[in-house]
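Student: What follows is a structure written as structure tokens; I'll ask about it next.
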Amino acid sequence: MQIPYTVAERPDTGVFNAKLGIWLFLASEVMLFGALFSSYILLRTGALAWPHGYTILNVPLATLNTVVLITSSITMVMSWVALRNRDFGKYRKYIGGTVLLGFVFLIIKAIEYGAKFEHHLYPSENTFLAIYFTLTGLHGLHVIGGMIVNAYFWGPGSKMWVTDPERFTNRIEVAGLYWHFVDLVWIFLFPVLYLL
Amino acid sequence: MAHVAAVAHTGNHHEHPLGFLQKYIFSQDHKVIGLQYLLTSLCFLFFGFSLMMMMRWQLAYPGQPIPFIGGLLGEANAPGGIMLPEFYNQLGAMHGTIMVFLGVVPLAVGAFGNYVVPLQIGAPDMAFPKLNMMSYWVYFLGGVTMLASFLMPGGAANSGWTSYAPLSVIATMGQTVWLFGMVFLITSSLLGSINFIVTIVQLRARGLTFMRLPFFVWSQLVTSFLLLLAFPPLEAAGVMQLMDRLAGTSFFMPSGLVVAGEVMPYSGGGSPLLWQHLFWFLAHPEVYVLILPALGIVAEIVANNTRKPLWGYNSLVYAAIFLGFMSFIVWAHHMFLTGMGTVISTFFQTTTMIISIPSVIILTALFISLWGASMRFNTQMLFALAFLPMFGIGGLTGLPLGLAPTDIHLHDTYYVIGHFHYVVAPGTIFALFAGVYHWYPKVTGRMMNEFWGKFHFWGSLVCMNGIFMPMFVQGLAGVSRRLYDGGQQYAHAQGVFHLNEWMSISAWMLALFQIPFIINFFLSSRKGRKVESDNPWEATTLEWATPTPPPHGNFTVVPEVHRGPYEYSVPGHLRDYTPQHQPEKA
Numbered sequence: 003m004q005i006p007y008t009v010a011e012r013p014d015t016g017v018f019n020a021k022l023g024i025w026l027f028l029a030s031e032v033m034l035f036g037a038l039f040s041s042y043i044l045l046r047t048g049a050l051a052w053p054h055g056y057t058i059l060n061v062p063l064a065t066l067n068t069v070v071l072i073t074s075s076i077t078m079v080m081s082w083v084a085l086r087n088r089d090f091g092k093y094r095k096y097i098g099g100t101v102l103l104g105f106v107f108l109i110i111k112a113i114e115y116g117a118k119f120e121h122h123l124y125p126s127e128n129t130f131l132a133i134y135f136t137l138t139g140l141h142g143l144h145v146i147g148g149m150i151v152n153a154y155f156w157g158p159g160s161k162m163w164v165t166d167p168e169r170f171t172n173r174i175e176v177a178g179l180y181w182h183f184v185d186l187v188w189i190f191l192f193p194v195l196y197l198l
Numbered sequence: 014m015a016h017v018a019a020v021a022h023t024g025n026h027h028e029h030p031l032g033f034l035q036k037y038i039f040s041q042d043h044k045v046i047g048l049q050y051l052l053t054s055l056c057f058l059f060f061g062f063s064l065m066m067m068m069r070w071q072l073a074y075p076g077q078p079i080p081f082i083g084g085l086l087g088e089a090n091a092p093g094g095i096m097l098p099e100f101y102n103q104l105g106a107m108h109g110t111i112m113v114f115l116g117v118v119p120l121a122v123g124a125f126g127n128y129v130v131p132l133q134i135g136a137p138d139m140a141f142p143k144l145n146m147m148s149y150w151v152y153f154l155g156g157v158t159m160l161a162s163f164l165m166p167g168g169a170a171n172s173g174w175t176s177y178a179p180l181s182v183i184a185t186m187g188q189t190v191w192l193f194g195m196v197f198l199i200t201s202s203l204l205g206s207i208n209f210i211v212t213i214v215q216l217r218a219r220g221l222t223f224m225r226l227p228f229f230v231w232s233q234l235v236t237s238f239l240l241l242l243a244f245p246p247l248e249a250a251g252v253m254q255l256m257d258r259l260a261g262t263s264f265f266m267p268s269g270l271v272v273a274g275e276v277m278p279y280s281g282g283g284s285p286l287l288w289q290h291l292f293w294f295l296a297h298p299e300v301y302v303l304i305l306p307a308l309g310i311v312a313e314i315v316a317n318n319t320r321k322p323l324w325g326y327n328s329l330v331y332a333a334i335f336l337g338f339m340s341f342i343v344w345a346h347h348m349f350l351t352g353m354g355t356v357i358s359t360f361f362q363t364t365t366m367i368i369s370i371p372s373v374i375i376l377t378a379l380f381i382s383l384w385g386a387s388m389r390f391n392t393q394m395l396f397a398l399a400f401l402p403m404f405g406i407g408g409l410t411g412l413p414l415g416l417a418p419t420d421i422h423l424h425d426t427y428y429v430i431g432h433f434h435y436v437v438a439p440g441t442i443f444a445l446f447a448g449v450y451h452w453y454p455k456v457t458g459r460m461m462n463e464f465w466g467k468f469h470f471w472g473s474l475v476c477m478n479g480i481f482m483p484m485f486v487q488g489l490a491g492v493s494r495r496l497y498d499g500g501q502q503y504a505h506a507q508g509v510f511h512l513n514e515w516m517s518i519s520a521w522m523l524a525l526f527q528i529p530f531i532i533n534f535f536l537s538s539r540k541g542r543k544v545e546s547d548n549p550w551e552a553t554t555l556e557w558a559t560p561t562p563p564p565h566g567n568f569t570v571v572p573e574v575h576r577g578p579y580e581y582s583v584p585g586h587l588r589d590y591t592p593q594h595q596p597e598k599a
């Protein structure tokens, strides 16, 4: 039994199965983060006092993290381009770089968290810190998820390059779409939590 | 059907035989997964019903020991067999949760959707078989988690199936387990809904355009979009409630909350209403998740047994799409009583009145489909025919609840319970029974017993109305729901209190009438009359073009579709039905 359109695009819809699947998944992710952002707006507009993010949080570190994540998005695209150009060695470098940049992001995030805990700033302190830890924590989990997938495609998953290179290229495209979304969420998180 | 039977012997793909575990437990075949969903959700349905039967004893005979099983409930729940209020609350919360999230939705979407949709669109399987398997097992895990919550200190979740904050935030451990269980169930439905949409969009057979899809497939497609987009906000809300409970945040905790004379140790500044908004943002579309697949099943069965095309197929499809869209902007009609303001109430009243239009279009189209038909009154048709007025009662009694002036009086009374249960119990569950009787011969190759089927139908119909009709009377008299003693202490309930006994007896009788169904269901798979052809109901849609039961991979020839889904009694055709895959008229 063969499921159709796992590799080739269906002519009348113009997509292969996994690509439609990941777009649908991202739509649900938009609703997940959308609900949290809406909660943020509702809590903030209802609050008597709300601290400015930059008075509590470390803006330079977060700016650095923004650069790190955007760079990782670029290396992600480059890994896909490398596969399209049939250059597997280059692909390994770029996808490995993407995973490493994910690590760098998490380490910087951990330093930020540690500094907060040192000053006894926990989620229970106030509603701002509650939403800060919830949103960045959930985003961090998404980063970890993406790193696991990318690491798999760097290591054992890359065997498919030999057996079915076209399908493997599709997989990297799909993983890339997810990684860009995780990046995009951060692009929203950064100004909302740190700058406003 | 001769040509299908002929290729059955020649066109089979030869694949490696699968071991028992891969074939029946960790199967990736959509049909086996559908059956796993079917059996699991039927068990949960009966379990959730059993919880309610215990509650109905307490409502009919408050403070009397429960006979037979009272001693088994444990001293912490029912000392001397007499149910404690805390235990009653647990049963109420878990009845709602289990029926909705573990019973009806997995049955309607997981079981029927999984089994029937790929067959009806002419696909070899779902688009992502591994995800499909994972979806079932994550659902199973969620179910086990929910059941395990009864063993927590303080018992299961007891803040109602809606888990309103701040009560749920300060509730016992069971609530945390409930939240984890919900995260599993949401994940499962997310995986399932992505799979359904991709399957329907990508794997349709050649020639099967969107407007040639059977209405059941359309209903599953719209349902999947509701699940995909409405569940994540509840997941977000669940994460926030977990943070409130475990990390001590105050998302849903207002400032200065005092419980039993003590100021709660929360920073405050949160909003209890936020939980309600996020919850109902899921839970209202969820109502349409409960009803749309049922409408799809009924449409299939009505067309098949009236031997006529569905009346107004296009309007049915557009109404279903519009219904799906509107269901995202009506949620706050559950919250008129919260004092969220008249402007917001007016908006949601208006959208609620608008959403009743597509529902009425669908129901009307199905009613008109009956006009002038010479019907076959088999068991599935009886269930489908009963569905129409029962769902009609449920829908019409909902109108006063959609308007704030009347809702303020009726809210949180038994009237609401009656309304909702008419939609879901003699509504959706009847349609699901109809689906079981309709597709049984395709799954097993044997028919279910007609006499016991009809016995099951008439008994269930009478008992269902015996339970839910008096609820309207009690509700209009002002009896609140969730009362541990059924309103015994309230002066205004005295005139209608005696109805509780009648309703409870109806509920227990309803359980008795399910026994012939259960026996019929299992016995017929071995002893039932064998079907003579692959298409015993002489239906037009593609699932009947497969061998019986369909093998792994479903079709022996890749089907090609040449016509719409309901070409029954077309003038000039030889037979009174023309299957979708039939090339020219016969």
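These protein sequences, in sequence, are chains U and E.
First residue of the first sequence? That's 3 in the working numbering, and the numbers climb one at a time after it.
First residue of the second sequence? That's 14 in the working numbering, and the numbers climb one at a time after it.
Heads up, the beta-carbon is just placed ideally off N, CA and C, and yes, glycines get one too.
1) Note down, in chain order, each residue of its chain lying with its Cβ closer than 6 Å to the Cβ of residue 60/U, except the 5 sequence neighbours on either side.
2) Could you tell me if residue 505/E is buried or exposed, where buried requires 16 or more neighbouring beta carbons within 10 angstroms of its beta carbon?
3) Would you call the region 380-395 of chain E in contact with the region 418-425 of chain E, where contact means no fewer than 3 C-beta pairs closer than 8 Å?
4) Tell whether a beta-carbon distance below 7 Å holds between residue 555/E and residue 233/E.
5) Compare the C-beta of residue 280/E against all C-beta atoms of chain U and say whether one is closer than 7 Å.
6) Give the secondary structure of residue 576/E by DSSP, where H, G and I count as helix, E and B as strand, and everything else as coil.
7) Pick from 251/E, 288/E and 271/E: whose alpha carbon is nearest that of residue 265/E?
8) Tell me the DSSP secondary structure of residue 273/E in three-state form.
9) In angstroms with no decimal places, state the Cα-to-Cα distance between residue 198/U and residue 283/E.
10) Per DSSP, what are the beta-bridge partners of residue 187/E in this structure?
11) Report the three-state DSSP secondary structure of residue 63/E (helix, strand or coil).
12) Which residues in the same chain have their Cβ closer than 7 Å to the Cβ of residue 192/U, if we skip the five residues on either side of it in sequence?
13) I'd like the list of long-range same chain contacts for residue 211/E, defined as Cβ closer than 6 Å, with 5 residues on each side in sequence excluded.
14) Does the beta carbon of residue 251/E sit closer than 7 Å to a beta carbon anywhere in chain U?
15) Mind listing which residues of the region 188-222 of chain E have their C-beta closer than 7 Å to chain U's C-betas, in chain order?
16) Check whether the Cβ atoms of residue 501/E and residue 75/E sit closer than 7 Å, and answer yes or no.
17) Could you pull the DSSP bridge partners for residue 219/E from this structure?
18) At 4 residues or longer, what runs of the alpha helix (DSSP H) sit wholly inside the region 384-448 of chain E?
19) Pairing CB atoms from the region 470-477 of chain E with CB atoms from the region 522-534 of chain E, are three or more of them under 8 Å?
20) What separation, rounded to the nearest whole angstrom, lies between the Cα atoms of residue 75/U and residue 406/E?
21) In the region 27-45 of chain U, which residues sit with their C-beta less than 9 Å from some C-beta in chain E, listed in chain order?
22) What residue range is occupied by the uninterrupted alpha helix (DSSP H) comprising residue 108/E?
23) Looking at the strands, I want to know which residues DSSP matches up with residue 493/E.
24) Consider the Cβ of residue 49/U: report whether some Cβ of chain E lies at a distance smaller than 7 Å.
25) If you measure between the beta carbons of residue 110/E and residue 174/E, is that distance less than 7 Å?
26) Along chain U, in chain order, which residues have C-beta atoms closer than 8 Å to that of residue 138/E?
27) Can you give me the Cβ contacts of residue 330/E inside the same chain, cut-off strictly under 6 Å, excluding the 5 residues immediately before and after it?
28) Classify residue 601/E: buried if its beta carbon has 16 or more other beta carbons within 10 angstroms, exposed otherwise.
29) Listing by chain order, which chain U residues have their CB less than 8 Å from the CB of residue 562/E?
30) Using a Cβ cut-off of 7 Å (strictly closer), state whether residue 128/U contacts chain E.
31) Closest Cβ-Cβ distance between residue 65/U and chain E: below 7 Å?
32) To the nearest angstrom, report how far apart residue 16/E and residue 563/E are at their CA atoms.
33) Exposed or buried, residue 188/U, counting other C-beta atoms within 10 Å across all chains shown (16 or more means buried)?
34) Can you tell me whether DSSP reads residue 590/E as helix, strand or coil?
35) For residue 277/E, collect the residues of the same chain with a Cβ closer than 6 Å to its Cβ; drop the 5 residues on either side in sequence, then sort them by chain order.
Tutor: Considering the structure as presented:
1) Residue 60/U sits at position 58 when you count from the first residue of the first sequence. Hits under 6 Å: 114.
2) Looking up residue 505/E in the second sequence gives position 492. Answer is exposed; the Cβ neighbour count stays below 16.
3) no
4) Here residue 555/E refers to the residue found at position 542 when the second sequence is read from its first residue. Here residue 233/E refers to the residue found at position 220 when the second sequence is read from its first residue. No. Outside cutoff.
5) Looking up residue 280/E in the second sequence gives position 267. Closer than 7 Å to some Cβ of chain U, the Cβ of residue 280/E qualifies, so yes.
6) Position 563 of the second sequence, counting from 1, holds the residue named residue 576/E. DSSP places residue 576/E in coil when its eight states are reduced to three.
7) In the second sequence, the residue the question calls residue 265/E occupies position 252. Of the candidates 251/E, 288/E and 271/E, the one whose C-alpha sits nearest the C-alpha of residue 265/E is 288/E.
8) Locating residue 273/E in the second sequence gives position 260, counting from the first residue. Three-state result, residue 273/E: coil.
9) Within the first sequence, the letter at position 196 stands for residue 198/U. Within the second sequence, the letter at position 270 stands for residue 283/E. Approximately 20 Å, taken between the alpha carbons.
10) Counting from 1 along the second sequence, the entry for residue 187/E is found at position 174. Partner(s): 169/E.
11) On the second sequence, position 50 is the one that residue 63/E refers to. Three-state result, residue 63/E: helix.
12) Numbered from its first residue, the first sequence carries residue 192/U at position 190. Correct list, in chain order: 64 and 68.
13) Reading the second sequence from its first residue, position 198 is the one you call residue 211/E. Around residue 211/E: 140.
14) Numbered from 1 along the second sequence, position 238 holds the residue referred to as residue 251/E. Judged by the 7 Å Cβ criterion, residue 251/E is not in contact with chain U.
15) 203, 207, 210, 211, 214, 215 and 216
16) The count along the second sequence starts at 1 and reaches residue 501/E at position 488. The count along the second sequence starts at 1 and reaches residue 75/E at position 62. Yes. Within cutoff.
17) Numbered from 1 along the second sequence, position 206 holds the residue referred to as residue 219/E. Paired residues: 573/E.
18) 392-409, 412-415, 417-423 and 427-436
19) yes
20) For the purposes of this step, residue 75/U is taken as residue 73 along the first sequence, with counting starting at 1. For the purposes of this step, residue 406/E is taken as residue 393 along the second sequence, with counting starting at 1. The straight-line gap from Cα to Cα measures roughly 55 Å.
21) 27, 29, 30, 31, 32, 33, 34, 35, 36, 37, 38, 40, 41, 44 and 45
22) Walking along the second sequence from the start, residue 108/E turns up at place 95. Where residue 108/E is concerned, the enclosing alpha helix (DSSP H) stretches over 98-110.
23) In the second sequence, counting from the first residue as 1, residue 493/E sits at position 480. Paired residues: 426/E.
24) Residue 49/U sits at position 47 when you count from the first residue of the first sequence. So yes, residue 49/U belongs to the interface.
25) Position 97 of the second sequence holds residue 110/E. Position 161 of the second sequence holds residue 174/E. Taking 7 Å as the Cβ cut-off, residue 110/E and residue 174/E qualify as a contacting pair.
26) On the second sequence, residue 138/E is found 125 positions in, with the first residue counted as 1. Those are 3 and 5, listed as they occur along chain U.
27) Here the question's residue 330/E lines up with position 317 in the second sequence. So the qualifying residues of the chain are 231.
28) There is simply no residue 601/E to check, as chain E begins at 14 and stops at 599 in what is shown.
29) For the purposes of this step, residue 562/E is taken as the residue at position 549 of the second sequence. By Cβ distance, chain U contributes nothing, its closest Cβ being about 16 Å from residue 562/E, past 8 Å.
30) If you number the first sequence from 1, residue 128/U lands on position 126. Yes, its Cβ sits closer than 7 Å to a Cβ of chain E.
31) The residue labelled residue 65/U in the question sits at position 63 within the first sequence. False, the Cβ-Cβ gap to chain E never drops below 7 Å.
32) Indexing the second sequence from 1 puts residue 16/E at position 3. Indexing the second sequence from 1 puts residue 563/E at position 550. In this predicted model, residue 16/E has a pLDDT of only 41, less than 50, meaning its place in the structure is not dependable enough to derive any value.
33) As a first step, residue 188/U must be located in the first sequence, where it is residue number 186. Label assigned to residue 188/U: buried.
34) Here residue 590/E corresponds to residue number 577 of the second sequence, with the count starting at 1. If DSSP states are grouped into helix, strand and coil, residue 590/E belongs with the strands.
35) Counted from its first residue, the second sequence places residue 277/E at position 264. These residues qualify, in order along the chain: 270.
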